[in-house]
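A.B. asks:
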Amino acid sequence: MGPCLPECIPLVIECINDSNAKVQTAAEEALPVLCSCVQNAEVASTLKEFILLALRKPDTTLECVEEVLMTTFCNPMDGTSLAFMMPIIIRGIKDANYELVKKATVCASNLCALVKDSSDIAPFVPLLMPLLEKNKEHSSPVIREVTVKAHTALVEGAGDLVDP
Numbered sequence: 021m022g023p024c025l026p027e028c029i030p031l032v033i034e035c036i037n038d039s040n041a042k043v044q045t046a047a048e049e050a051l052p053v054l055c056s057c058v059q060n061a062e063v064a065s066t067l068k069e070f071i072l073l074a075l076r077k078p079d080t081t082l083e084c085v086e087e088v089l090m091t092t093f094c095n096p097m098d099g100t101s102l103a104f105m106m107p108i109i110i111r112g113i114k115d116a117n118y119e120l121v122k123k124a125t126v127c128a129s130n131l132c133a134l135v136k137d138s139s140d141i142a143p144f145v146p147l148l149m150p151l152l153e154k155n156k157e158h159s160s161p162v163i164r165e166v167t168v169k170a171h172t173a174l175v176e177g178a179g180d181l182v183d184p
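Its first residue numbered 21, the sequence shown is counted upward by one per residue in the numbering used here.
#1: Check for me: the alpha helix (DSSP H) holding F104 runs from which residue to which?
#2: Going by DSSP, what residues sit across from V6 in a beta bridge?
#3: Please name the residue, chosen from K123, E69, P161 and I141, that lies closest to L89 on a Cα-to-Cα basis.
#4: Expressed to the nearest angstrom, what Euclidean distance is found between the alpha-carbon atoms of P146 and A46?
#5: Shortest alpha-carbon distance to A61 belongs to which of V32, H158, T91 and K42?
#6: What runs of the alpha helix (DSSP H), each 4 residues or longer, lie entirely inside the segment 132–177?
#7: Enumerate in chain order the residues of its own chain whose CB-to-CB distance from F70 is below 6 Å, with the five nearest sequence positions on each side excluded.
#8: Could you name the residues of the same chain whose beta carbon sits closer than 7 Å to that of L67, not counting the 5 residues immediately before and after it, in chain order?
#9: Where do the N-terminal and C-terminal ends of the alpha helix (DSSP H) with C55 fall, by residue?
#10: If you draw a straight line from the C-alpha of F29 to the C-alpha of E176, how long is it?
#11: Under the three-state reduction of DSSP, which class applies to S129: helix, strand or coil?
#12: Contact check, T100 vs Q59 under 8 Å by CB: the rounded distance?
#13: Among the residues of its own chain, which have a CB less than 7 Å from the CB of L152, if the five just before and after it don't count?
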């Protein structure tokens with residue numbers, strides 16, 4: 021199941037917002053089960069509840085991103101962990117809130133730096149790269165600066181999968 025998570029999680033998130041209450045409930049019940057596939061120890065234990073809450077309730081994105089930033093990662097970031105983290109990070113980078121954009125971008129940079137296998141980050145490159153390219157032109161010099169770092173980390177994490 022793990023290798024399918026980058027494709028599955030966005031679909032489950034979409035179902036959480038479905039107009040049918042039964043579909044919403046099924047999606048919310050599926051998230052913790054899917055989360056059992058996560059291999060990164062920090063994500064599986066320390067961050068699990070924050071991540072699941074942020075996936076279900078977008079208004080908790082900032083709190084989740086802040087918690088990720090406060091976490092010391094001792095283990096590499098794997099594809100299953102990224103499948104849960106990246107939708108939250110991408111949501112944060114797209115947000116209008118300056119603080120959230122900045123923190124989510126720093127978080128993206130940190131997570132990309134923890135990737136050991138470029139195939140783990142591959143599903144997220146087409147989603148993350150355009151956002152980072154756009155934010156290189158952001159009105160805030162701070163956001164531009166952290167975006168350049170995140171872009172570099174993404175390119176390094178993705179290896180031969182992207183052109184620098």
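We put the CB at the ideal spot given by N, CA and C, even for glycine.
C.D. replies: In short:
#1: Against the sequence shown, residue 104 aligns to sequence position 84. Run containing F104: G99 to K114, per the alpha helix (DSSP H) assignment.
#2: Past the edges of the chain, shown from 21 to 184, lies residue 6, and the structure says nothing about it.
#3: Within the sequence shown, numbered from 1, the residue matching residue 89 stands at position 69. Out of K123, E69, P161 and I141, K123 has the C-alpha closest to the C-alpha of L89.
#4: In the sequence shown, residue 146 corresponds to position 126, counting from 1. In the sequence shown, residue 46 corresponds to position 26, counting from 1. Distance between the alpha carbons of P146 and A46: 29 Å.
#5: Against the sequence shown, residue 61 aligns to sequence position 41. Considering only alpha carbons, the answer is T91.
#6: 138–141 and 145–155
#7: Stepping through the sequence shown from its first residue, residue 70 is reached at position 50. Once the five neighbours on either side are set aside, the close Cβ partners of F70 are C84 and E87.
#8: Residue 67 sits at position 47 when you count from the first residue of the sequence shown. So the list reads E87, V88 and T91, once near-sequence residues are dropped.
#9: As a position in the sequence shown, residue 55 is number 35, starting the count at 1. Run containing C55: A41 to C55, per the alpha helix (DSSP H) assignment.
#10: To locate residue 29, count along the sequence shown from 1; it is residue 9. To locate residue 176, count along the sequence shown from 1; it is residue 156. For the record, residue 29 in the displayed sequence is Ile; it is not Phe. For I29 and E176, the distance between alpha carbons rounds to 25 Å.
#11: The residue you call residue 129 lines up with position 109 of the sequence shown. Note: S129 maps to helix in three-state DSSP.
#12: In the sequence shown, the residue the question calls residue 100 occupies position 80. In the sequence shown, the residue the question calls residue 59 occupies position 39. Going by Cβ atoms, the distance from T100 to Q59 rounds to 6 Å, so yes, they are a contact pair.
#13: Position 132 of the sequence shown, counted from the start, is the residue given in the question as residue 152. Excluding positions up to five away in sequence, the list reads T167, A170, H171 and L174.
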